[in-house]
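Peer 1:
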Amino acid sequence: MITVGLLANLLVLATIGGHKSLHTVTNCFLLNLTVSDLVTLLFNATFNFVFMITGHWPFGHRYCVVNNFITNLTIAISVFTIMFTSKERYNAIVYPLEKRMTKNRALINILIIWIASAIFAIPALIFSRTLHDTSMQRTVCLMVWPDGYPGKSKLDFFYNLLFLVLTYLLPLMTMAIAYTLMARVLWGSKQIGETSQAQASLVRSKQKVVRMLICVVIVFAVCWLPYHVYFLTTYQWPELTTARGIQHIFLAIYWLAMFNSVLNPIILLLMNKRFRRYSTKFLNFWPLNRAFNSDAASSLTTNAAAPVAQQFNNNTSGGQRPSNLIMVVKSHSPNFNRTTSELLGDGGGGGFAVNHISNEQNLSNEILPNHHNFSSLSSPTLSNMADNNTTVKNSFYSPLVVPD
Numbered sequence: 402m403i404t405v406g407l408l409a410n411l412l413v414l415a416t417i418g419g420h421k422s423l424h425t426v427t428n429c430f431l432l433n434l435t436v437s438d439l440v441t442l443l444f445n446a447t448f449n450f451v452f453m454i455t456g457h458w459p460f461g462h463r464y465c466v467v468n469n470f471i472t473n474l475t476i477a478i479s480v481f482t483i484m485f486t487s488k489e490r491y492n493a494i495v496y497p498l499e500k501r502m503t504k505n506r507a508l509i510n511i512l513i514i515w516i517a518s519a520i521f522a523i524p525a526l527i528f529s530r531t532l533h534d535t536s537m538q539r540t541v542c543l544m545v546w547p548d549g550y551p552g553k554s555k556l557d558f559f560y561n562l563l564f565l566v567l568t569y570l571l572p573l574m575t576m577a578i579a580y581t582l583m584a585r586v587l588w589g590s591k592q593i594g595e596t597s598q599a600q601a602s603l604v605r606s607k608q609k610v611v612r613m614l615i616c617v618v619i620v621f622a623v624c625w626l627p628y629h630v631y632f633l634t635t636y637q638w639p640e641l642t643t644a645r646g647i648q649h650i651f652l653a654i655y656w657l658a659m660f661n662s663v664l665n666p667i668i669l670l671l672m673n674k675r676f677r678r679y680s681t682k683f684l685n686f687w688p689l690n691r692a693f694n695s696d697a698a699s700s701l702t703t704n705a706a707a708p709v710a711q712q713f714n715n716n717t718s719g720g721q722r723p724s725n726l727i728m729v730v731k732s733h734s735p736n737f738n739r740t741t742s743e744l745l746g747d748g749g750g751g752g753f754a755v756n757h758i759s760n761e762q763n764l765s766n767e768i769l770p771n772h773h774n775f776s777s778l779s780s781p782t783l784s785n786m787a788d789n790n791t792t793v794k795n796s797f798y799s800p801l802v803v804p805d
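Quick note on this note's numbering: the sequence shown kicks off at 402 and runs consecutively.
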């Protein structure tokens, strides 16, 4: 799960960072959410997994402090980022005539999110401890408050209660109201019926973005609810922490919360057409993928050449010499894709190479072209090719337990 989450978040990070057309205000916040998820998976999930499975913290006191701090930091960053994203969409949809948030303003808001989240996580820096249990020969990482251990400390209870309200209940209530108002605007029958085709297309585009963000909010709510409930419940009934099987229950609760960091990038890639398109382009430029596609293109070209050569030989052996011969080869090589984009302006994805062979051409050279020469191509029309008997090569038609 951690590996899948890391790869998905890195793909979103590279996709947004590598395409200027995706550098929008909304995507700035989504990029911040992706960074938060990466930090969670890299510096928190793996270490807590070892701790919860073995019951022993082997990573030392310093990383115990860092680990607990990162836990509270990233939870706050995630929910505050989703809130700011919702606010930006709310202003753009409900108040379209007001001044829009700029990217610079979005970056300032992101900085505020990190500072506020860090302040909120400061207790983890102050009260995190590692304690050695001599009877069981193990070390545990937890937060020891001035008035006692977790489950008995009132400070711990009030901190968790405040954490629940500020990073869960209040944000979800606010976003529920905001998305309800946005839905009334976007899905109002009168508004959509009275708009032009261009305006209706814009409304549909906004509807898709809102659906995606609503899905992000719902997933966050579902994944983190058991986590918050656990700490409040164990404070009221501390004996539950020693109950049989409670460690496995908390392990499931914790991994459900961590699963949120895996689902966020998957939601973006599945529900946003532009993310899918640009991420596919990014993967097509991956070196291993380019090498594979290049080999596949050579194989396809060679395999396609044999029947054409046979047909040509059969025709010439009967005394007939065809005036024109067209060979169509399907290819997925990077050069095919790049040239298709140059000629037709689309994203590539394979094309049909059309080799027009005249009487004077050497057949073997035309049937087995060097695919490295595909970049220097022209695209005359088929009518010109037929009228002028022009020879053209390769024109294209694209078809822990965290004790807070």
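Built from N, CA and C at the ideal position, the CB exists for glycine as well.
1. Buried or exposed, going by whether 16 or more other CB atoms sit within 10 Å of the CB of residue 406?
2. Whole angstroms are fine: how far does the CA of residue 563 sit from the CA of residue 578?
3. Quick check on DSSP: helix, strand or coil for residue 745?
4. Per the contact definition of three or more C-beta pairs closer than 8 Å, is the region 442-460 in contact with the region 493-511?
5. For the alpha helix (DSSP H) holding residue 606, just list the boundary residues, first then last.
6. Which term fits residue 544, buried or exposed, when burial requires 16 or more other beta carbons within 10 angstroms of its beta carbon?
7. May I have the straight-line CA-CA distance separating residue 528 from residue 586, to the nearest angstrom?
8. Within 8 Å, do at least three Cβ pairs link the region 543-558 to the region 503-510?
9. Since residue 573 and residue 622 should fall inside the 8 Å C-beta cutoff, what is the C-beta to C-beta distance between them, to a whole number of angstroms?
10. Taking the alpha carbon of residue 575 as the reference point, which residue from 678, 488, 427 has its own alpha carbon closest?
11. Can you check which of these residues, 651, 652, 418, 435, is closest to residue 663 by C-alpha distance?
12. My assumption, with CB atoms under 8 Å, is that residue 583 sits in contact with residue 668. Please give the rounded CB distance.
13. Are the region 466-476 and the region 520-527 in contact at 8 Å, needing three or more beta carbon pairs?
14. Do the region 646-663 and the region 445-459 meet, that is, are 3 or more Cβ pairs less than 8 Å apart?
15. Comparing the CB of residue 467 with every heavy atom of the ligand NAP, is any distance shorter than 7 Å?
16. State the DSSP-derived secondary structure class of residue 420, mapped to helix, strand or coil.
17. Could you say which of 630, 677, 599, 438 lies nearest to residue 566 if we only look at CA atoms?
18. Select from 561, 553, 666 the residue whose C-alpha is nearest the C-alpha of residue 410.
19. Looking at residue 676 and residue 670, is the spacing between their C-beta atoms short of 8 Å?
20. How about residue 441 and residue 659: do their beta carbons lie closer than 8 Å?
21. Thinking C-beta only, is residue 443 closer than 8 Å to residue 414?
22. Specify the secondary structure class of residue 544 as computed by DSSP and reduced to three states.
23. As a quick exercise: from 478, 481, 449, pick the residue whose alpha carbon is nearest that of residue 466.
24. Nearest CA to the CA of residue 480: which residue from 437, 536, 534?
25. For residue 573, report the span of its alpha helix (DSSP H) as first-last.
26. Which residues does DSSP list as the beta-bridge partners of residue 531?
27. Short of 7 Å in beta carbon distance, which residues of its chain neighbour residue 661, apart from the five on each side in sequence? Order them along the chain.
28. Can the beta-carbon of residue 416 be found closer than 8 Å to that of residue 610?
29. Alpha carbon to alpha carbon, how far is residue 606 from residue 530?
30. Determine the DSSP secondary structure at residue 552, reduced to helix, strand or coil.
31. What whole-angstrom Cβ distance do residue 552 and residue 642 have, given they're in contact under 8 Å?
32. Just the C-alpha distance for residue 550 and residue 636, rounded to the nearest angstrom, thanks.
33. Straight-line CA distance for residue 468 to residue 445?
34. What do you get for residue 477, buried or exposed, if any count of 16 or more other CB atoms within 10 angstroms of its CB means buried?
35. So, residue 482 versus residue 521, is the Cβ gap smaller than 8 Å?
36. Taking the alpha carbon of residue 608 as the point to measure from, which residue in 534, 656, 633, 494 has its own alpha carbon closest?
Peer 2: Here's the rundown:
1. Residue mapping note: residue 406 aligns to position 5 of the sequence shown, counting from 1. By the neighbour-count rule (16 or more Cβ atoms within 10 Å), residue 406 is buried.
2. Mapped onto the sequence shown, residue 578 falls at position 177. Mapped onto the sequence shown, residue 563 falls at position 162. Near 21 Å, if we compare the C-alpha coordinates of residue 563 and residue 578.
3. In the sequence shown, the residue the question calls residue 745 occupies position 344. At residue 745, the pLDDT of 36 sits below 50, so the modelled position is not reliable; the number obtained from the coordinates is stated separately. Looking at residue 745 - three-state DSSP - the assignment turns out to be helix.
4. By the Cβ test, the region 493-511 is not in contact with the region 442-460, since fewer than three Cβ pairs between them sit closer than 8 Å.
5. Numbered from its first residue, the sequence shown carries residue 606 at position 205. Boundaries of the alpha helix (DSSP H) harbouring residue 606: 598-637, taken from the DSSP string.
6. Here residue 544 is taken as the residue at index 143 of the sequence shown, counted from 1. Residue 544 comes out buried.
7. Taking the first residue of the sequence shown as 1, we reach residue 528 at position 127. Taking the first residue of the sequence shown as 1, we reach residue 586 at position 185. Between residue 528 and residue 586, the C-alpha separation is close to 47 Å.
8. No contact exists between the region 503-510 and the region 543-558.
9. Here residue 573 is taken as the residue at index 172 of the sequence shown, counted from 1. Here residue 622 is taken as the residue at index 221 of the sequence shown, counted from 1. About 6 Å separates the two Cβ atoms, so the contact holds.
10. Position 174 of the sequence shown, counted from the first residue, corresponds to residue 575. The option with the nearest alpha carbon to residue 575 is 488.
11. The count along the sequence shown starts at 1 and reaches residue 663 at position 262. The candidate whose alpha carbon is nearest that of residue 663 is 435.
12. Along the sequence shown, one-based indexing puts residue 583 at 182. Along the sequence shown, one-based indexing puts residue 668 at 267. Their Cβ separation, rounded to whole angstroms, is 18 Å, which puts residue 583 and residue 668 out of contact at 8 Å.
13. With a cut-off of 8 Å, the region 520-527 and the region 466-476 count as touching, because enough Cβ pairs lie within range.
14. The region 646-663 vs the region 445-459: in contact.
15. Looking for the ligand NAP in the displayed structure turns up nothing, as the structure carries no ligands at all.
16. As a position in the sequence shown, residue 420 is number 19, starting the count at 1. The three-state secondary structure of residue 420, taken from DSSP, is coil.
17. Within the sequence shown, numbered from 1, the residue matching residue 566 stands at position 165. Measuring from the Cα of residue 566, the nearest candidate turns out to be 630.
18. Position 9 of the sequence shown, counted from the start, is the residue given in the question as residue 410. Measuring C-alpha to C-alpha distances from residue 410 to each of 561, 553, 666 identifies 666 as the nearest.
19. Taking the first residue of the sequence shown as position 1, residue 670 is located at position 269. Taking the first residue of the sequence shown as position 1, residue 676 is located at position 275. A Cβ-Cβ contact shorter than 8 Å links residue 670 with residue 676.
20. Along the sequence shown, one-based indexing puts residue 441 at 40. Along the sequence shown, one-based indexing puts residue 659 at 258. Cβ atoms of residue 441 and residue 659: closer than 8 Å.
21. Counted from its first residue, the sequence shown places residue 414 at position 13. Counted from its first residue, the sequence shown places residue 443 at position 42. Not closer than 8 Å, so no.
22. In the sequence shown, counting from the first residue as 1, residue 544 sits at position 143. Residue state, collapsed to three classes: strand.
23. For this step, residue 466 is matched to residue 65 along the sequence shown. Closest by alpha carbon: 449.
24. Indexing the sequence shown from 1 puts residue 480 at position 79. With distances taken between Cα atoms, residue 480 lies closest to 437.
25. For this step, residue 573 is matched to residue 172 along the sequence shown. From DSSP, the alpha helix (DSSP H) with residue 573 extends over 571-587.
26. Your numbering for residue 531 matches position 130 in the sequence shown. Paired residues: 542.
27. Start at 1 with the first residue of the sequence shown, and residue 661 comes out as number 260. Residues of the same chain with a CB within less than 7 Å of the CB of residue 661, apart from the 5 flanking positions on each side, are 620, 621, 624, 625 in chain order.
28. One-based indexing of the sequence shown puts residue 416 at position 15. One-based indexing of the sequence shown puts residue 610 at position 209. Cβ atoms of residue 416 and residue 610: not closer than 8 Å.
29. One-based indexing of the sequence shown puts residue 606 at position 205. One-based indexing of the sequence shown puts residue 530 at position 129. Rounded to whole angstroms, residue 606 to residue 530 spans 50 Å at the Cα level.
30. Numbered from its first residue, the sequence shown carries residue 552 at position 151. Three-state result, residue 552: coil.
31. If you number the sequence shown from 1, residue 552 lands on position 151. If you number the sequence shown from 1, residue 642 lands on position 241. Their Cβ separation, rounded to whole angstroms, is 6 Å, which keeps residue 552 and residue 642 in contact under 8 Å.
32. Counting from 1 along the sequence shown, the entry for residue 550 is found at position 149. Counting from 1 along the sequence shown, the entry for residue 636 is found at position 235. Cα to Cα, the separation comes out at about 11 Å.
33. On the sequence shown, position 67 is the one that residue 468 refers to. On the sequence shown, position 44 is the one that residue 445 refers to. Cα-Cα distance, rounded: 6 Å.
34. Counting from one through the sequence shown, the residue named residue 477 turns up at place 76. With 16 or more Cβ atoms within 10 Å of its Cβ, residue 477 is classed as buried.
35. Residue mapping note: residue 482 aligns to position 81 of the sequence shown, counting from 1. Residue mapping note: residue 521 aligns to position 120 of the sequence shown, counting from 1. With respect to the 8 Å criterion, residue 482 and residue 521 are not classified as neighbours on the basis of their beta carbons.
36. Along the sequence shown, one-based indexing puts residue 608 at 207. Checking every option, the nearest Cα to that of residue 608 belongs to 494.
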